[in-house]
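A quick write-up on the structure given underneath.
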Amino acid sequence: ALAIPAAVCMLQEQEVHAAEMERTFIAIKPDGVQRGLIAEIISRFERKGFKLVAIKIVVPSKEFAQKHYHDLKERPFFDGLCDFLSSGPVIAMVWEGEGVIKYGRKLIGATDPQKSEPGTIRGDLAVVVGRNIIHGSDGPETAKDEINLWFKPDELMATKPLSREEIAN
Ligand code: ADP
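Going by UniProt numbering, the sequence shown opens with residue 46, and the numbers climb by one from there.
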């Protein structure tokens, strides 16, 4: 049989691993930014062991907020929610790691901070549902859609090794 050098095997494994690695969209909403909770929130994801692969600060337009929350457009709080999301700077992030979508939601806690467990971000740091400081994708499909809405592909860290062609260009 053809012997494949160990280094090549490792590279291939790494590539497969990177291609399958789960990612989620996390945003610190304007209230979290205004209250000075950026570092606190990022550090909880970092300490858990998840990896930050994209981050930017943006003030979304109301139209953009409506796109982000399109699933909720029939809800009575939709308009106020979109006004609020577009009222100031948001920290938009993509986090990567095994189980990051589901576990990210665990770190965040229940939607209503009165029902979030102590130890969660909302449980420890928020009081009312309309000011619950953080957003996290609720499943694989929304994670993909939200990452694509907020980020261009070249804003995401490449976690797989670059090909010869990419290095040359
Ligand atoms: P989550 O953010 O936990 O995924 P939802 O997708 O149900 O929760 O709702 C999106 C956001 O809408 C919530 O994070 C919260 O800011 C806001 N929201 C949800 N329910 C209410 C409500 N009853 N009144 C006001 N705002 C709400």
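We put the CB at the ideal spot given by N, CA and C, even for glycine.
Where DSSP assigns a beta bridge to Val103, which residues make up the other side?
-> Val135
Buried or exposed by the 16-neighbour rule on C-beta atoms within 10 Å, applied to Thr69 = buried
In the DSSP assignment, what are the bridge partners of Trp195?
-> According to the DSSP secondary-structure assignment, Trp195 is paired through a beta bridge with no residue.
Grab me the residues of Gly154's own chain with a C-beta within less than 7 Å of its C-beta, minus the 5 sequence neighbours each way, in chain order.
-> Ser161, Glu162, Thr165, Ile166, Arg167, Gly168
Could you tell me how far apart the beta carbons of Val98 and Val139 are, in whole angstroms, since I believe they sit closer than 8 Å?
-> 5 Å
Opening and closing residue of the alpha helix (DSSP H) in which Ala213 lies | 209 to 213
Residues bridged to Ile179 (per DSSP) = Ile73
On the three-state DSSP scale, how would you describe Arg167?
-> helix
Would the beta-carbon of Gly149 be found less than 8 Å away from any heavy atom of ligand 1?
-> no
Beta-carbon contacts of Gln118 that lie in its chain and below 8 Å, excluding the five residues immediately before and after = Note that residue 118 is Lys in the sequence shown, not Gln. The residues are Gln111.
Sheet register partners of Glu141 (DSSP bridge) = Arg68, Lys96
Where Phe123 falls: helix, strand or coil (DSSP) | helix
Can you list, in chain order, the residues of its chain whose CB lies under 8 Å from that of Leu130, leaving out five sequence neighbours each side?
-> Once the five neighbours on either side are set aside, the close Cβ partners of Leu130 are Lys74, Pro75, Pro105, Ala110, His113, Tyr114.
Where Cys54 sits in the DSSP three-state scheme | Summary for Cys54: the model assigns pLDDT 49, below 50, so the residue's position carries little reliability, and this model does not support an answer.
Which value, in whole angstroms, describes the spacing of the CA atoms of Cys54 and Ala203?
-> The pLDDT assigned to Cys54 is 49, lower than 50, so where the model puts this residue is not dependable; a value taken from the coordinates is nonetheless given after this. If I take the Cα positions, the gap works out to 19 Å.
Give the straight-line distance between the Cα atoms of Val173 and Ala213, rounded to the nearest whole angstrom.
-> 52 Å
Taking the C-alpha atoms as reference points, what is the distance between Asp124 and Phe95?
-> Distance between the alpha carbons of Asp124 and Phe95 is about 33 Å.
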